[in-house]
Amino acid sequence: MFVYSVSRLRCGGTVFKSTLPLRLPFTENRETAMVAIVPFNEETMNSVRPNMATLPLRFFRAATAILFASVCIFVLGCENPSSLIGSILRSPISILGLGQAEAPGGQDSDASADDSYAAAKLVEGWEIPDLTLFVTGRLHGYIEPCGCTGLTNQKGGLLRRHTCLNLLKSKGFDPVTVDAGNMIRRFGQQPSIKMKTAYKSIAQIMNYDVIGMGVDDMKAGGVDMLLSMEEAGRTETPFTSANMKLFEGDPSITPFQVIEKNGKTIGVASVIGAEHVKKAMASGGNEDFSLEMPAAAIAAVVGNPKFAACDFKVLMIQSEPESCKMLAMRFPVFDLVVTAGGAGDPTLKPEAIALGNGRVSQMIQCGVKGMYVGVVGVDFGGDGSKAIKYQRVALDASFKDSPPVKEVFLEYQNELKALWQGGSLEDIKPRLHPSGYKFVGSQACRDCHDEEYDIWKDGIDGDGGPHAKATADLTDPGERTWVKRHFDPECVSCHVTGWNPQNYYPYETGYIDLKKDVLLHGNGCENCHGPGSGHVQAENDATDQALQDKLRLQVRVTIAEAKARTCYECHDLDNSPDYAEAEDGWDKYWPTIKHGDGE
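Throughout the sequence shown, residue numbering follows the working numbering, covering 259 to 857 in sequence.
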């Protein structure tokens, strides 16, 4: 059967979008979408003509869908409804009877879909196709999910990705593995070490066929990037970008890759979007790298005879979905487009891109933070058709940690530890706090604020305050106990006192050493109220009332300020999504630490 989601439909040259839940529920499997790319001609029509016994029901459903769409369009507004209905009737995808799957085209990521226990549902009900692709990307430094809110509540990570890949192989699939790039997101030593960790994990252990390059990967610098590639230990490079070159054409990065699998050749090209290229060029760029506009680079790839001869062609683009569609239509040779742009979770099903002359490409999204894998199955028809099925796979806790990747992660933490203890981790060079004052530790607050201190130390119920225990959560973790993270700046910044929580560096007199800085253990009072040396000294001197009043005002944080800004510095979308995304986050968690005068 075929199904159209009328919550988002194209009408004329514009996208019609409704806020009403208008999905037609003709499919039970919400995790798998199946579409087909076919030459649209009389021969194709005959090959997919429906069984006569089911024609009345099919025509009834088709008529119902079109009527329903038309009514909704007239009610909600559309300048050219006949264009929409005509596109439905003309669509080759709508004619194909593909059982349980929905036709592509909806942008709704379908937040209602149940992503839990994804391991049990991996390629459930699939027959092994002629070709399988395992698609990832946009890791952006999130090599593992932050465990602060419990690993069962968070998705992603290389430890789970390897397990997912192995599970797919154990089911008899032999996938082509591709990653769209952007392993890191910021400058610094730690991100460079993360890049090395990521490349070891996916290029060496998972043996990826293709690894694209993102503009943010350039933040590692050319030398560190090249060293990371070399440490991956591959004799043939999987690293690919058609419009980014390293050191004026170092062979470590190729314009495209051709993979042979099951008697088919798969061509994969990767480009950085025009908006990122322009921004990099405007800022002066990086002398280690050279960039060109994506259109010129793609033209060179598709004009290469080796690529042109491939049976299945993939284009990975680091750009917004709309820009990706424009490039796909400009170069209508790609069967699959992978966009490493957009916000939020990847869409539940591919989006069809009309290429003209009856050809259709499919676009899938990577999502963000490496939380999902896309599994694509391709079956080749004798008439030149390519039937595609797709599953979005959430890397949830049902995928257990991979032992080989564990070893790489231990190397990562040990390298951070060695740099930290050796005084050569530039990322943690202390900086002056904007206030100019020093950190004195929460114990210094106790003399005047004994009730507030007891709540911080022991909690409302006396079982221990969550903020006071923050450092212990790193040295004695409740999950993933095989590794400690008290030398990891990205973890330490919210688990001790005296750090910048968003930029991962300590302030002068802030925490540095586990044994020497015991008074700065835990996420202490001064992280919210500011370093307290001036306030404490003024209260102890008790000689200048005006100064006391001024400093009291400086360390005061109102309820409104805490709700709007202060708490989000640590309890953000990355580390505390159950707080940051919840409408009742404050109301739920504030009572567990409630202190002060309530204003």
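Glycine is no exception: its CB is placed at the ideal position from the N, C-alpha and C atoms.
Same chain only: Cβ atoms within 8 Å of residue i, ignoring 5 sequence neighbours per side
i    : result
A558 : A500 and P513
E737 : G405, G408 and L409
P496 : A461, Y466, D467, V468, I469 and Q515
T523 : V516, I517, A567, C568, D569 and F570
D482 : S450, M453 and K454
P552 : A500, N501, V529, I530, G531, A532, V535, I575, S577 and L585
M539 : L549
M487 : Y457, A461, T495, F497 and S510
Cβ-based neighbour list, residue i, same chain, cut-off 7 Å, excluding 5 preceding and 5 following
i    : result
N424 : none
A838 : Y826, H829, D830 and L831
M310 : With a pLDDT of 43 at M310, under the threshold of 50, the modelled position of that residue is not reliable, and the figure given next carries that caveat. Nothing listed; no residue qualifies.
G614 : P590
M587 : I611 and L613
G545 : According to the sequence shown, residue 545 is Glu rather than Gly. Nothing meets the Cβ criterion.
G414 : Y400, P403, K627, G628, M629 and L653
W678 : I686 and F745
K564 : V516
V861 : Here the chain has residues from 259 to 857 only, and residue 861 is not among them.
K477 : I442, R444, F445 and P449
Y769 : V754, T755, G756, W757, D775 and L778
Inter-residue Cα distance where the pair is residue i and residue j
i    : j    : result
N758 : V516 : 45 Å
E506 : G479 : 14 Å
G640 : K664 : 45 Å
R704 : W848 : 21 Å
I851 : L777 : 20 Å
F657 : V651 : 11 Å
S510 : L585 : 26 Å
K452 : G561 : 36 Å
A610 : Y400 : 30 Å
T394 : S700 : 44 Å
A676 : S682 : 8 Å
T455 : R492 : 15 Å
D719 : H691 : 34 Å
T498 : N781 : 43 Å
H793 : G446 : 34 Å
L668 : I442 : 19 Å
D842 : E819 : 16 Å
A645 : A554 : 30 Å
E385 : K647 : 11 Å
E382 : H398 : 29 Å
G642 : L674 : 53 Å
D721 : N672 : 32 Å
M471 : D432 : 24 Å
V618 : D845 : 49 Å
D802 : R810 : 12 Å
S693 : S541 : 31 Å
E710 : A822 : 21 Å
P279 : G600 : Confidence is the limiting factor: at P279 the pLDDT is only 35, short of 50, which leaves the residue's position unreliable, though a coordinate-based value still follows. Distance between the alpha carbons of P279 and G600 is about 22 Å.
S751 : D771 : 13 Å
Contact belief for residue i with residue j at Cβ below 8 Å, rounded distance in angstroms
i    : j    : result
H753 : L732 : 5 Å
T739 : H779 : That belief does not hold up - the Cβ atoms of T739 and H779 are roughly 20 Å apart, past 8 Å.
F547 : K583 : The pair is not a contact, with the Cβ atoms about 27 Å apart (cut-off 8 Å).
K437 : I469 : The sequence given here places Asp at residue 437; Lys does not occur at that position. Right, their Cβ atoms sit about 5 Å apart.
L417 : E402 : 6 Å
P747 : Q412 : The Cβ separation is near 20 Å, so there is no contact.
D712 : Y763 : That belief does not hold up - the Cβ atoms of D712 and Y763 are roughly 31 Å apart, past 8 Å.
Y457 : E494 : Going by Cβ atoms, the distance from Y457 to E494 rounds to 14 Å, so no, they are not a contact pair.
Q812 : G788 : 7 Å
A655 : N440 : At roughly 24 Å, the Cβ-Cβ gap does not stay under 8 Å, so A655 and N440 are not in contact.
Y765 : P835 : Not confirmed; about 27 Å, so no contact.
Own chain partners of residue i with C-beta closer than 6 Å, once the 5 adjacent residues on each side are dropped
i    : result
E784 : F697, T755 and G790
R743 : L732 and C749
P604 : Q623, G625, Y630 and R650
T421 : F657, K658 and S660
A840 : none
T767 : K696 and F697
V572 : V526 and L594
- prompt: Are the stretch 389-398 and the stretch 629-646 touching, with three or more C-beta to C-beta distances below 8 Å?
  reply: By the Cβ criterion, the stretch 389-398 is in contact with the stretch 629-646, since at least three pairs of Cβ atoms, one from each stretch, lie closer than 8 Å.
For the 8 Å Cβ check, are there 3 or more pairs between the stretch 615-629 and the stretch 583-597?
-> Taking a contact to require three or more Cβ pairs closer than 8 Å, the stretch 615-629 and the stretch 583-597 qualify as touching.
(message) Threshold first: 4 residues or longer. Then list the alpha helix (DSSP H) segments lying entirely within the stretch 527-615, N to C.
(response) Taken in chain order, the complete alpha helix (DSSP H) segments of 4 or more residues contained in the stretch 527-615 are 532-540, 552-560, 563-566 and 579-588.
**Request:** Could you name each continuous beta strand (DSSP E) segment of 3 residues or more that falls completely within the stretch 436-505, going from the start of the chain to the end?
**Result:** Correct list: 468-470 and 502-504.
**Asked** Just checking, does the stretch 570-589 make contact with the stretch 518-530 on the three C-beta pairs under 8 Å criterion?
**Response** Touching, yes.
Worksheet entry | the stretch 801-809 / the stretch 717-725 touching (three or more Cβ pairs under 8 Å) | No: the two stretches stay apart, fewer than three of their Cβ pairs being nearer than 8 Å.
Write down every uninterrupted run of the beta strand (DSSP E) in the stretch 643-696 whose length is 3 residues or greater and which is fully enclosed by it, in chain order.
The qualifying runs are 644-652.
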